[in-house]
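Position one of the sequence shown corresponds to residue -6 (the numbering used here), numbered consecutively onward. Notes follow once the structure below has been shown.
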Amino acid sequence: MASVADNITNINTVGYKTADAQFRTLVSSGRSSAAYSAGGVNAVTHTLVSKQGVLAASGSTTDMGIDGAGFFVTRTGLGANAEVAYTRAGSFTPDKAGYLKNSGGYYLQGWPLDAQGGYANTGSLGSLVPVRLSQLTGTATATSRLQMRANLDATAAAFTGTYTAGDLASGATPAQFSRPFDISDAQGGKHTVTMAFLKTGPNSWVGEVYATPATDVTAPGGLLASGAVAFNGDGSLDLAGSDPGMFAALTPTWTNGAGTGPIAVSLGTDGGLDGLTQFGGTSSLISSSVDGGLLGSVASVRISDAGIVSAVFDDGTTRDVYQLPLASFQNPDGLNRLPGNAYGISDESGSVAINAPGSLGAGMISASALETSTVDLAQEFTNMIRFQRAYSASSKIVTTVDEMLQEINTLKR
């Protein structure tokens, strides 16, 4: 009856798993095979932790549900020595310090991402940190990606003079098409990097990437990259015939001492029309994208199905900050129940395996959704009636035996 009461009470508890009451016989140690030794019954309660609950939509972007196997990794506090707990109750909200904490008081843990979006999964809980987004407000991030889609005029006249790498940067040879881009260093400082192109023959161009002014970088003349750019007959980019240096990542060294990381340059795919193209008409910039810069206030949080937590700032920029892991067990039904709808490791559950969502048997994360309780109210009321009838019938044994004892007492008279 206690398990039924718990189940009915928690019918609206997020991520609650049904407690299933079962019974096993108790047999006393009677040695004689001829005489019957009365026993009894013992109640055994199992929590059906592995049972999947229905995912219900939620209006909060920090609410999460797990579609499949796995548990969120949490701690009871912010310190590294705080107790680790595993839960499927994904109703996380920021506390006053900006840490994500669920209604049970457990702090969500994740792998911090570097500037390139990478992380190290050592399988150790010690590599996880509490998820906190407010700490990014007022900081800066260096540019890590420069993407440009542009068309170079196929009808432009080819340059007939002598070209040497660095001539476009120095101005010795005028570029036929150029566009400047604002690049951010690790301190949030802005630097202008120009991408310029000069036609040298049919389907052949040269390009340069240089800093303006050249004194912003330690490279001679401010030149960061240069090389030939080739096109196919259909106007698409010919990467095989182009110089790799023009498409490699940039690694500028700023003279102001600010740090930076490699800047991936995306100018299109081989044979594609998603970057540089060569068609008739005026050379023009179609689209461009540069990340990095000073980070303002965090306006919202976005969580992907793969468990990547991204901060969306008030200026519209987005930064991937954490990778959420999911914990898996050989026998999740053997976990110990903890207060706040969480679970701890036991001998029966087996050891924990921590991996990214969707890998090695772990489920996927559904953002803006919560896993509902697995309690079936109709079944619980049925169980309540069954247990009450069984108890009422069993109580007749006590009444009958009492009457039999009274008859034995009357035999003396």
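Built from N, CA and C at the ideal position, the CB exists for glycine as well. Source: prediction; values computed, not measured.
One thing to note: Ile4 has its Cβ no nearer than 8 Å to the Cβ of Leu363. With contacts defined by Cβ atoms closer than 8 Å, Thr55 and Thr86 form a contacting pair. With respect to the C-alpha of Ala346, the residue from Val34, Met377, Gly63 and Asp88 having the closest C-alpha is Gly63.
Bridge partners of Ser117 according to DSSP: none are assigned. Taking C-beta atoms as the reference points, Ser219 and Gly194 fail to come closer than 8 Å. With respect to the 8 Å criterion, Val305 and Thr311 are classified as neighbours on the basis of their beta carbons. In the structure shown, Pro173 falls within a strand segment according to DSSP collapsed to helix, strand and coil. Of the candidates Thr69, Val368 and Thr208, the residue whose Cα lies closest to the Cα of Leu216 is Thr208. The C-beta distance from Thr270 to Asn144 rounds to 5 Å, short enough to fall under 8 Å.
Within the segment 73 to 154, complete alpha helix (DSSP H) segments of at least 4 residues are not found at all. It is roughly 15 Å from the alpha-carbon of Val294 to the alpha-carbon of Gly103. Nearest C-alpha to Ala(-2) among Phe374, Asn95 and Val210: Phe374. In this structure Pro318 touches Ala349 by the C-beta definition: roughly 6 Å separates them, less than 8 Å. The beta carbon of Ser277 sits closer than 7 Å to those of Ala143 and Asn144, all from its chain and outside the five residues before and after it, given in chain order. Thr69 and Ala14 have their C-alpha atoms spaced approximately 29 Å apart.
The Cβ-Cβ distance between Val42 and Thr365 does not fall below 8 Å. Secondary-structure assignment with DSSP links Met(-6) through no beta bridge to anything.
Residue burial annotation: Leu19 is exposed, with fewer than 16 other C-beta atoms found within 10 angstroms of its C-beta. With contacts defined as CB atoms closer than 8 Å, Tyr100 and Leu93 qualify as a contacting pair.
Here DSSP, grouped into helix, strand and coil, assigns Asn5 to coil. Here the alpha carbons of Met357 and Gly61 stand approximately 6 Å from one another.
The straight-line gap separating the alpha-carbon atoms of Gly300 and Ala149 is approximately 49 Å. About 5 Å separates the beta carbons of Gly214 and Ala162, which is inside the 8 Å limit, making them a contact pair.
As computed with DSSP, Asp56 is found in a beta bridge with Ser84. In the DSSP assignment, the residues bridged to Ile256 are Leu243.
Counting along the chain, Gln271 sits inside the beta strand (DSSP E) bounded by residues Leu269 to Phe272.
Residue pairing for Val283: DSSP places it in a beta bridge opposite Leu139. Ala204 sits close to His184, with the two beta carbons spaced by under 8 Å. Beta bridge pairing from DSSP links Ser219 with Glu201. Taking the CA atoms as reference points, Ile256 sits about 27 Å from Ala165. Under the three-state reduction of DSSP, Ala360 is assigned to strand. The three-state secondary structure of Ile296, taken from DSSP, is strand. A straight line joining the alpha-carbon of Gly250 with that of Asn329 spans about 53 Å.
Taking the Cα positions, Phe65 is about 17 Å away from Ser339. Taking Phe224 as the centre and dropping the five residues before and after it, the same chain places the C-beta of Asn196, Leu230, Asp231 and Gln271 closer than 7 Å to its C-beta, in chain order.
Between Ala75 and Asn334, the C-beta gap is not smaller than 8 Å, which leaves the two residues out of contact.
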